[in-house]
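Student: Take the sequence shown: its letter number 185 is residue 178 in this note's numbering, and every next letter is one higher.
Got a structure here, written out as structure tokens. Questions coming.
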Amino acid sequence: MNKIFSFFVFFCFVSSIPGFSEEIISSKVKKVTLFTNYALVEKEAKTEVKKGLNHIFIETKAFSIDKDSLSVKIIGKGQIYSVKFKEIYLKEEPEKSIREIEEKIEKLNMEKNQLLDKISLLEKKEEFLNSLINFSKVQIPKDIKTKFPSMDNLEETLSFLDEHLSKIYEEKEEKNRKIKEIEREID
């Protein structure tokens, strides 16, 4: 049973020139004191008020509030006429949206891990192709030596290496870009 609790603070400045103002203001948690079975949360809200009667609405989202524990004070000139408490039921449960966000984060983490696995595979392919390049630099003993490849074979080998290494670099870059997007979305 989720609710939004609103505190209605009615107060009037000492110099009461006729006027009426109604305002919803945001508040910040100033201090929290934890006890064994409850917590005391002090919130602070600042606003400028007009002369005359002002209705100030302070919204807070909580599962349970002790109506008798509400207190309000004013810093500056003014007088509090009354403090009222009202429960407004939410249309949608916050737990549902939290669950949806958690599921989305889990899905994004799985997608990120898949991309990391693909990058690892690409790195292994790259390592293999680089080993072919490095092997060609090694001097082979004469008794093992075979005939030197023709120019066509060398060109084919170079084009093969160039094509596959380029694809690997492009794929790795694409995967890294996707991972960064996923991490931004998770944060």
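Backbone N, C-alpha and C define an ideal beta-carbon position, used for all residues, glycine too.
Predicted model, so just to flag it, every value in this text is computed and none were measured.
Can the beta-carbon of Lys105 be found closer than 8 Å to that of Ile175?
Tutor: yes
Student: Using CA coordinates, which residue listed in Lys54, Leu33, Gly69, Gly71 is at the minimum distance from Asp61?
Tutor: Leu33
Student: What residue range does the beta strand (DSSP E) around Leu63 cover?
Tutor: Careful: Leu63 lies outside any beta strand (DSSP E) and carries neither H nor E.
Student: Nearest to Asp110 by alpha carbon, out of Glu156, Glu35, Lys165?
Tutor: Lys165
Student: Is Arg170 helix, strand or coil by DSSP?
Tutor: helix
Student: Name, in chain order, the residues that DSSP records as bridge partners for Glu15.
Tutor: His48
Student: Evaluate the contact criterion for the segment 17 to 26 versus the segment 35 to 43: three or more CB pairs, one atom per stretch, below 8 Å.
Tutor: Because the criterion of three Cβ pairs below 8 Å is met, the segment 17 to 26 and the segment 35 to 43 touch.
Student: Starting from Tyr31, trace the beta strand (DSSP E) both ways and give me its first and last residue.
Tutor: Element bounds for Tyr31: n/a, residue is neither H nor E.
Student: Assuming Thr181 is part of the beta strand (DSSP E), what are its boundary residues?
Tutor: Any property of residue 181 remains undetermined from this structure, which presents the chain solely from -6 to 180.
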